[in-house]
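**Q** Going by my numbering, the first residue of the sequence shown is number 79, and it counts up by one from there.
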Amino acid sequence: MRTFFKFFILILVITSCDKLDELTKFDIDYDSQVTIESSTIIDLPFNVSTPDMETNSESEFEVNDTRKDLIEEIILKEITLTITSPETADFSFLESIEVYINADDLDEILIASKTEVDATASVLELDLADSDLQEYIKKDSFTLRMSTVTDEAISQDHKIDVHSVFAVDAKILGL
Numbered sequence: 079m080r081t082f083f084k085f086f087i088l089i090l091v092i093t094s095c096d097k098l099d100e101l102t103k104f105d106i107d108y109d110s111q112v113t114i115e116s117s118t119i120i121d122l123p124f125n126v127s128t129p130d131m132e133t134n135s136e137s138e139f140e141v142n143d144t145r146k147d148l149i150e151e152i153i154l155k156e157i158t159l160t161i162t163s164p165e166t167a168d169f170s171f172l173e174s175i176e177v178y179i180n181a182d183d184l185d186e187i188l189i190a191s192k193t194e195v196d197a198t199a200s201v202l203e204l205d206l207a208d209s210d211l212q213e214y215i216k217k218d219s220f221t222l223r224m225s226t227v228t229d230e231a232i233s234q235d236h237k238i239d240v241h242s243v244f245a246v247d248a249k250i251l252g253l
């Protein structure tokens, strides 16, 4: 009977720890916009960067009852590109795209890409790289650089909203 009781307590503790761990996870969303200018050049890579994106990480951590020093990991959970102008545009002009993150005093790294772009889509979800990005998000700001290759000319500038979601995992009670 004691063995069963000890086993039951052990299972209860493990389950409780898993539930506590879930309470220390939260998402941070960032939105920006880039413009791909009209061009007649195709099959050549070119770069487009977002403006500096303020992280506001200290306040995000505080709202979620944690601190910078308690963060275990921050990963990119989702990045979506949406064409907002021209209204009828789609990603048919795009052959491939790679997205890099950079911040002061840190090396630029690849965080997402897409090599086969759906030509009829006006919304594009990118494939994610598996990287811990906490050092970038802990900075005051970061930028995203998009390296793109087009496979057809575009006659109008394309405005694209960039929505990214970063999943934050903090330590439980500082342990």
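Ideal Cβ positions, reconstructed from N, Cα and C, are used throughout, including at glycine.
None of these values were measured; they are calculated from a predicted model.
Under a Cβ-count criterion, where at least 16 other Cβ atoms within 10 Å of its own Cβ denotes burial, should S137 be classed as buried or exposed?
**A** Counting from one through the sequence shown, the residue named residue 137 turns up at place 59. Exposed is the call here.
**Q** Would K216 pass as a contact of K146 if the rule is Cβ separation under 8 Å?
**A** Here residue 216 refers to the residue found at position 138 of the sequence shown. Here residue 146 refers to the residue found at position 68 of the sequence shown. Yes, the Cβ-Cβ distance between K216 and K146 is below 8 Å.
**Q** To which residues does DSSP link F139 through a beta bridge?
**A** Indexing the sequence shown from 1 puts residue 139 at position 61. BP columns for F139 are empty, so no partner.
**Q** Who are the Cβ neighbours of V243 in its own chain at under 7 Å, not counting the five residues just before and after it?
**A** For the purposes of this step, residue 243 is taken as residue 165 along the sequence shown, with counting starting at 1. Here the set comprises D105, D107, K155, E156.
**Q** Do I232 and F169 count as a contact pair if the criterion is CB distance below 8 Å?
**A** On the sequence shown, residue 169 is found 91 positions in, with the first residue counted as 1. On the sequence shown, residue 232 is found 154 positions in, with the first residue counted as 1. No; because the gap between Cβ atoms is not below 8 Å, this pair is not in contact.
**Q** Indicate whether the contact test is met: 3 or more Cβ pairs, each with one atom in the segment 180-196 and one in the segment 108-117, closer than 8 Å.
**A** They do not touch, by the three-pair rule.
**Q** Out of curiosity, what's the CA-to-CA distance linking T228 and D247?
**A** As a first step, residue 228 is located in the sequence shown; it is residue number 150 there, counting from the start. As a first step, residue 247 is located in the sequence shown; it is residue number 169 there, counting from the start. If I take the Cα positions, the gap works out to 37 Å.
**Q** Would you call T226 buried or exposed, if buried means 16 or more other Cβ atoms sit within 10 Å of its Cβ?
**A** Residue numbering aside, residue 226 sits at position 148 when the sequence shown is read from its first letter. Burial call: buried.
**Q** Rounded to whole angstroms, what is the Cα-Cα separation between E132 and A190?
**A** Counting from 1 along the sequence shown, the entry for residue 132 is found at position 54. Counting from 1 along the sequence shown, the entry for residue 190 is found at position 112. Rounded to whole angstroms, E132 to A190 spans 20 Å at the Cα level.
**Q** Look at the alpha carbon of L206 and the alpha carbon of Q212, and state the distance between them as a whole number of angstroms.
**A** Taking the first residue of the sequence shown as 1, we reach residue 206 at position 128. Taking the first residue of the sequence shown as 1, we reach residue 212 at position 134. Answer to the nearest angstrom: the Cα atoms are 16 Å apart.
**Q** Could you have a look at S170 and say whether DSSP puts it in helix, strand or coil?
**A** Here residue 170 refers to the residue found at position 92 when the sequence shown is read from its first residue. Three-state result, S170: helix.
**Q** Looking only at C-alpha atoms, which of T166, D185, L202 sits nearest to E173?
**A** Counted from its first residue, the sequence shown places residue 173 at position 95. The candidate whose alpha carbon is nearest that of E173 is L202.
**Q** Just list the alpha helix (DSSP H) runs in the segment 177-251, keeping only unbroken ones of 4 residues or longer that don't cross its boundaries, in chain order.
**A** Entirely contained in the segment 177-251, the alpha helix (DSSP H) runs reaching 4 residues are, in chain order, 212-215.
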